[in-house]
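The structure appears right after this line, and notes come after that.
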Amino acid sequence: MDMTTSNIYESNLSGLERKNFQKEVNNKQTDLYFLKNKQGMEVAVTNYGCAILSIMVPDKKGQYANVILGHDSIDHVINSPEPFLNTTIGRYGNRIAKGHFTLYGEEHQLSINNGPNSLHGGPTGFHTRVWDATQPNPATIIFNYTSADGEEGFPGKLEVEMTYRLEEEINALVIEYRATTDKATIVNLTNHGFFNLTGIANPTPTVLNQSVTINADFYVPIDDVSIPTGEILKVEGTPMDFRTPHTIGERIDEPFQQLINGAGYDHCYVLNKNEAGELSLAATCTDPESGRQMEVYTTENGVQLYTGNWLNGFEGAHGATFPARSAVCFEAQCFPDTPNKPHFPSAILLPGDEYQQITIYKFGIEDK
Numbered sequence: 094m095d096m097t098t099s100n101i102y103e104s105n106l107s108g109l110e111r112k113n114f115q116k117e118v119n120n121k122q123t124d125l126y127f128l129k130n131k132q133g134m135e136v137a138v139t140n141y142g143c144a145i146l147s148i149m150v151p152d153k154k155g156q157y158a159n160v161i162l163g164h165d166s167i168d169h170v171i172n173s174p175e176p177f178l179n180t181t182i183g184r185y186g187n188r189i190a191k192g193h194f195t196l197y198g199e200e201h202q203l204s205i206n207n208g209p210n211s212l213h214g215g216p217t218g219f220h221t222r223v224w225d226a227t228q229p230n231p232a233t234i235i236f237n238y239t240s241a242d243g244e245e246g247f248p249g250k251l252e253v254e255m256t257y258r259l260e261e262e263i264n265a266l267v268i269e270y271r272a273t274t275d276k277a278t279i280v281n282l283t284n285h286g287f288f289n290l291t292g293i294a295n296p297t298p299t300v301l302n303q304s305v306t307i308n309a310d311f312y313v314p315i316d317d318v319s320i321p322t323g324e325i326l327k328v329e330g331t332p333m334d335f336r337t338p339h340t341i342g343e344r345i346d347e348p349f350q351q352l353i354n355g356a357g358y359d360h361c362y363v364l365n366k367n368e369a370g371e372l373s374l375a376a377t378c379t380d381p382e383s384g385r386q387m388e389v390y391t392t393e394n395g396v397q398l399y400t401g402n403w404l405n406g407f408e409g410a411h412g413a414t415f416p417a418r419s420a421v422c423f424e425a426q427c428f429p430d431t432p433n434k435p436h437f438p439s440a441i442l443l444p445g446d447e448y449q450q451i452t453i454y455k456f457g458i459e460d461k
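Residue numbers (the numbering used here): 94 to 461.
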């Protein structure tokens with residue numbers, strides 16, 4: 094921590110206290126870090142799972158509020174009823190059927206932690222690891238982690254670098270990922286941010302009145318244990334269609350089999366791209382009450398829309414509570430179960446190659 098960043102601890106917008114995040118976990122030290130830009134945007138993070146704890150941005154009246162569900166101590170982060178809350182997900186985001194896949198003729202068995210499947214890298218995935226952290230300036234933090242060969246069943250030693258960076262001229266959080274391996278493996282990193290643009294409160298209101306647009310003509314349907322069927326279906330004519338703005342609650346409880354399977358929206362959308370790896374607009378979310386708007390840009394092929402269907406009212410920072418559907422997630426990623434679906438875009442990383450991904454969460458006020 095250098096002198097240019099130390100003064101933010103004296104006057105942060107989130108009300109979080111550094112001492113509540115300093116603890117030794119698995120022989121490594123956890124801590125609290127703040128990012129701030131010239132516009133006044135403030136983001137608080139910890140190096141435990143690289144969890145984002147707060148994102149402070151203004152509404153249409155200039156009033157700041159936290160727009161991401163978070164906790165106010167490291168113990169609450171570690172013991173959260175939602176273990177993936179705003180964390181970095183790896184080595185493989187989303188589900189792999191029965192935790193099993195074959196890579197170049199070699200079978201691999203992962204930990205099972207979601208019904209019959211492996212979810213988000215397993216129970217001790219990247220979300221539970223204490224990352225090394227370096228903060229070169231007040232708007233940037235760089236996290237590093239080495240995932241051992243065989244960790245949670247994944248092959249290859251994976252060296253991961255991830256950067257959280259605030260843009261200076263606009264209110265945008267940029268997340269950049271890089272990874273290399275010494276053995277053929279699969280990689281699908283993402284951030285599992287739980288957003289509510291109204292702002293966090295007790296109880297936090299649902300996101301059902303917030304409007305969403307997704308730049309996707311197709312989506313990935315799932316079975317009754319949330320594994321892709323292997324099909325890629327058109328959104329047209331279904332409640333899955335967000336090509337034009339719809340509120341989250343408008344169709345979420347319709348008797349449509351995909352919504353029943355996901356207990357609401359919990360589906361990967363196939364993003365419209367001019368070319369693979371293009372950084373382009375994936376989704377937009379707008380809150381009519383506060384006027385806040387969030388745009389999501391990514392280089393990934395897919396974005397998982399999840400509407401907090403399994404949130405159960407647990408307590409977060411400063412006594413805020415998080416009932417069902419009080420958040421919406423836009424997880425930029427490869428498609429679920431890609432290792433078992435050879436016709437899906439590949440998630441394989443080979444020695445000598447570098448995994449790269451950029452996702453941007455840009456905050457502003459709705460243009461009317």
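Each residue gets a CB set at the ideal place from its N, CA and C atoms; glycine is no exception. The structure displayed is predicted, hence computed values, not measured ones.
Item                                                                                                          : Value
A241 classed as buried or exposed, judged by whether at least 16 other C-beta atoms fall within 10 angstroms  : exposed
CB contact flag (G330, I161, <9 Å)                                                                            : no
Cβ-Cβ separation, P174 to N405 (assumed contact under 8 Å), whole Å                                           : 6 Å
Collapsed DSSP secondary structure at I451 in the structure displayed                                         : strand
Reduced DSSP secondary structure (H/G/I, E/B, other) of G395                                                  : strand
Cβ-Cβ distance between H393 and C427 below 9 Å                                                                : A quick correction: the sequence has Glu, not His, at residue 393. Against a cut-off of 9 Å, the Cβ pair of C427 and E393 comes out as a contact.
Candidates P438, Q397, N113: closest to E368 by CA position                                                   : P438
Proximity below 9 Å, CB of A375 to CB of I307                                                                 : yes
Inter-residue spacing [alpha-carbon to alpha-carbon] between I322 and D316                                    : Per the sequence presented here, residue 322 reads as Thr, with Ile not at that position. For T322 and D316, the distance between alpha carbons rounds to 6 Å.
N354, enclosing alpha helix (DSSP H) - first and last residue                                                 : 350-355
First through last residue of the alpha helix (DSSP H) which encompasses V170                                 : 167-171
V138 burial status per 10 Å Cβ neighbour count (16 or more: buried)                                           : buried
P432 Cβ short of 8 Å to the ligand SAM heavy atom set                                                         : Among the components of this structure there are no ligands whatsoever, and the ligand SAM is therefore not found.
Whole-angstrom distance between Y399 and G208, CA atom to CA atom                                             : 18 Å
Helix, strand or coil at R271 [DSSP, three-state]                                                             : strand
Straight-line gap, L125 to L326 (C-alpha atoms, nearest Å)                                                    : 43 Å
Opening and closing residue of the beta strand (DSSP E) in which C378 lies                                    : 373-379
Rounded separation between T273 and L251 - CA only                                                            : 6 Å
Buried versus exposed call for W403 [16 or more other C-beta atoms within 10 Å across all chains shown]       : exposed
Other residues of its chain near N130: CB distance less than 6 Å, five sequence neighbours each side excluded : A232, L259, E261
Endpoints, beta strand (DSSP E) assigned at C361                                                              : 359-364
T98, DSSP secondary structure in three states                                                                 : Confidence in T98 is poor, its pLDDT being 47 and thus under 50, which makes the residue's placement unreliable; the coordinate value appears in the next sentence. If DSSP states are grouped into helix, strand and coil, T98 belongs with the helices.
9 Å Cβ cutoff met for R184 and F247                                                                           : yes
Start-to-end residues for the beta strand (DSSP E) that takes in A369                                         : Note, A369: premise wrong, no beta strand (DSSP E); not H, not E.
Residue range of the beta strand (DSSP E) that includes A309                                                  : 309-313
Helix, strand or coil at F437 [DSSP, three-state]                                                             : coil
Collapsed DSSP secondary structure at G163 in the structure displayed                                         : coil
Backbone secondary structure at R222 - three-state DSSP                                                       : coil
Which of helix, strand or coil DSSP assigns to K462                                                           : Because the chain in this structure spans residues 94 to 461, residue 462 falls outside the shown range and cannot be described.
The stretch 378-388 touching the stretch 145-154, judged by at least three CB pairs closer than 8 Å           : yes
Three-way DSSP call (helix, strand, coil) for P332 in this model                                              : coil
C-beta contact flag for E117 and F127 at 9 Å                                                                  : no
M96, buried or exposed, once every other Cβ within 10 Å from all chains shown has been counted against 16     : Only weak support is given to the placement of M96: the predicted model assigns it a pLDDT of 36, under 50, and the question is left unresolved by the model.
Under 9 Å between C-beta atoms of N264 and V253                                                               : no
Short Cβ contact (9 Å threshold) for P546 with A413                                                           : For the chain, the structure presents residues 94 to 461; residue 546 sits outside this window and is missing.
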